[in-house]
Each structure stands twice: as structure tokens, then as C-alpha cells.
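Taking this note's numbering, I'd label the letters of the sequence shown as residues 1 to 276.
Take a look at the structure below.
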Amino acid sequence: MEKMARPVNPTFLPPTHGVLKSLLENPLKLPFHHDEGFGKDKEKEKKLEDESSTASHPQSAFLGPTLWDKTLPYDGDNFQLEYMDLEEFLSENGIPANTIIAKNQNLLLPGQLLVEGLEQTWPPGSDVPFVSSVRSAARDTPSPIDPESIQVPVTYDPDPADLALSSVPGQEMFDPRKRKFSAEELKPQPMIKKARKVFIPEDLKDDRYWARRRKNNVAAKRSRDARRLKENQIAIRAGFLEKENAALRVEVSDLRKELGRCKNILAKYEARHGPL
Numbered sequence: 001m002e003k004m005a006r007p008v009n010p011t012f013l014p015p016t017h018g019v020l021k022s023l024l025e026n027p028l029k030l031p032f033h034h035d036e037g038f039g040k041d042k043e044k045e046k047k048l049e050d051e052s053s054t055a056s057h058p059q060s061a062f063l064g065p066t067l068w069d070k071t072l073p074y075d076g077d078n079f080q081l082e083y084m085d086l087e088e089f090l091s092e093n094g095i096p097a098n099t100i101i102a103k104n105q106n107l108l109l110p111g112q113l114l115v116e117g118l119e120q121t122w123p124p125g126s127d128v129p130f131v132s133s134v135r136s137a138a139r140d141t142p143s144p145i146d147p148e149s150i151q152v153p154v155t156y157d158p159d160p161a162d163l164a165l166s167s168v169p170g171q172e173m174f175d176p177r178k179r180k181f182s183a184e185e186l187k188p189q190p191m192i193k194k195a196r197k198v199f200i201p202e203d204l205k206d207d208r209y210w211a212r213r214r215k216n217n218v219a220a221k222r223s224r225d226a227r228r229l230k231e232n233q234i235a236i237r238a239g240f241l242e243k244e245n246a247a248l249r250v251e252v253s254d255l256r257k258e259l260g261r262c263k264n265i266l267a268k269y270e271a272r273h274g275p276l
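So, in C-alpha cells, the structure goes:
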């Protein structure tokens, strides 16, 4: 029996070109609403925000305007940087400056923080170790004293005539309390022997001889005056130092008595309460 060929419906035939190509060239033109996909999510977020705002209204401790509400103008290339004073900035934003000053005054040094930390961690009613010693050491540490500024009360009134002989004419009066001599100046001077006189006949004493003679006499007189002036100054200075030395000896003896008394008190305290 011979099979009969059925005619094929042309609608079921595959197209001459690819399906993917046809879909790309002729996409489905369906209406697309952008807000439909996210509408429900936005409504949920809005409801949550309304509930949180109505449920609790947290009050801020600062009642002034918020800083983030203020916007800075920016004009692109015309941006300018301006400086503002701290007090002006605080006053514009309603922040009291007294709180900032109080916080700065409450700042402590590292040593003070250490001492206060020891006092807080140590149990009450007991002595904090090393705290008293730290405070006493910080309080009792003497500041450096310039030895030149120390003045010993000495009653020394030299004779005005001696001061006049010890002062250079036309200059300030010699003060034995301030004038100090170096070790080189206080060295003993050697004995100078006079040169042997040379007899010169009268016919050889010309003008050049007498000029040289006058020049030597002036130099010798100047040397004698300078040496005598320094000797007088050293003598007056030595007299003042003797007076000062006597006053210092009395003061040292008094200090030694006071030191001995303090040592006795300390020994009695250590014998009763133990060593410090």
C-alpha cells in the first residue's frame, strides 16, 4: 500500500533565518513600568520610617542648630578658604565656651595622673606607697641657685681714703664685694733688682739722652702706680673676705647645730616607728 504524502502547513515550517536572530531584531514590545517593581519595597520602608518616628522622639542634649544643616557654598574655581576664630565659631553654633575652658583646666599632668591612679586603685584607709614620697620629692626639690646671687650679710665699711687709693681716677669707685681677681693676678711677684747705674760724662748727655731718660721715668712711674693700685685693691678685697669668712663660719656652726638636732629627732622617730 502506497503511503500518501500529506501537505505540511506552512505555519509550522521553521523560518529561513535563526530564531535568536529574529528575537534580537524584533524584540517583544511590551509596556514596562519602572516603578511597579519597587513600589512595594518603597511603601514598606516608608511605613517603617513613620512607625519609628512616631514611636520614639530622642531628645538631643544640644538644643542649638545642628552643624550638618549648614552648607558651604562652592563655586567651582572661585572656592576660597577662610579662617574663623574658635570663640566666633562656638558663638555662632550656640556652644558655650566655658565648657571647653573647664575641660582644658581639668587636664592633668602625667605625674598627677599616676598619683591619682594609685590613690584610686589602692584600698581606702591605707597609706598609698610612694605617693607621699613622689609628692614630697616634687615639692622639696630645690631650684638651682646661682652662687653669684648669694649675699652674706657682712658689716664691712672700708675707709673712704683707702677706697680712693684703690680706685682708678675718673672711673667708678672700687667695690670689694664685686671685684674678683684671677689666680694669675694673685700669684706672688718676683723681686725686681734695680739695674746698676752707669756713669755718663756730661759732654755725652745730649737731647736724645734726656728724651730717653724722661720716657723711662714716665714708664717706671706708670708701672709703680698700677702695681700699687692692684696691691691696694687686693688688700681691701682680702679684708672684706676675712669679714665674710667669719660670718660664714658662724652660719655654718649654727647649721651644724640644727643638723645635729634634726638627726636626733630622726633617730628617735626611727627607734619608735622603724626606719623610713
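Glycine included, C-beta positions come from ideal geometry on N, C-alpha and C.
If you draw a straight line from the alpha carbon of residue i to that of residue j, how long is it in whole angstroms?
{"i": "P176", "j": "I145", "result": "22 Å"}
{"i": "M173", "j": "V218", "result": "25 Å"}
{"i": "V115", "j": "L276", "result": "In this predicted model, V115 has a pLDDT of only 47, less than 50, meaning its place in the structure is not dependable enough to derive any value."}
{"i": "Q151", "j": "A238", "result": "17 Å"}
{"i": "K277", "j": "A246", "result": "Coverage of the chain is limited to positions 1 through 276, which leaves residue 277 absent and any answer about it impossible."}
{"i": "G274", "j": "K257", "result": "24 Å"}
{"i": "Q171", "j": "A164", "result": "11 Å"}
{"i": "K215", "j": "I200", "result": "18 Å"}
{"i": "A267", "j": "D162", "result": "53 Å"}
{"i": "K194", "j": "E202", "result": "23 Å"}
{"i": "A211", "j": "K197", "result": "18 Å"}
{"i": "P147", "j": "L248", "result": "14 Å"}
{"i": "G260", "j": "V252", "result": "12 Å"}
{"i": "D254", "j": "A271", "result": "26 Å"}
{"i": "D206", "j": "K187", "result": "42 Å"}
{"i": "R222", "j": "R213", "result": "14 Å"}
{"i": "N93", "j": "D85", "result": "12 Å"}
{"i": "Y209", "j": "P158", "result": "45 Å"}
With distances taken from CA atoms, which of the options is nearest residue i?
{"i": "P153", "options": "K215, V250, E45, L90", "result": "V250"}
{"i": "L241", "options": "F181, F89, S91", "result": "F181"}
{"i": "R227", "options": "R214, Q189, K215", "result": "Q189"}
{"i": "P160", "options": "L266, E45, N232", "result": "N232"}
{"i": "R224", "options": "E184, I192, R261, W210", "result": "I192"}
{"i": "E184", "options": "L204, A195, I234, S143", "result": "I234"}
{"i": "L229", "options": "E43, F89, P169, E92", "result": "P169"}
If you reduce the DSSP assignment to three classes, tell me which class residue i lands in.
{"i": "Y156", "result": "coil"}
{"i": "R256", "result": "helix"}
{"i": "Q233", "result": "helix"}
{"i": "I265", "result": "helix"}
{"i": "L276", "result": "coil"}
{"i": "E88", "result": "helix"}
{"i": "K243", "result": "helix"}
{"i": "L186", "result": "coil"}
{"i": "V218", "result": "helix"}
{"i": "A195", "result": "coil"}
{"i": "E251", "result": "helix"}
{"i": "E172", "result": "coil"}
{"i": "S223", "result": "helix"}
{"i": "S149", "result": "helix"}
{"i": "R179", "result": "coil"}
{"i": "D206", "result": "coil"}
{"i": "V131", "result": "Low local confidence applies: a pLDDT of 46 at V131 is under 50, so the model's placement there is unreliable, and no value is given."}
Could you tell me how far apart the beta carbons of residue i and residue j are, in whole angstroms, since I believe they sit closer than 8 Å?
{"i": "I236", "j": "S149", "result": "About 23 Å separates the two Cβ atoms, so there is no contact after all."}
{"i": "K243", "j": "Y156", "result": "5 Å"}
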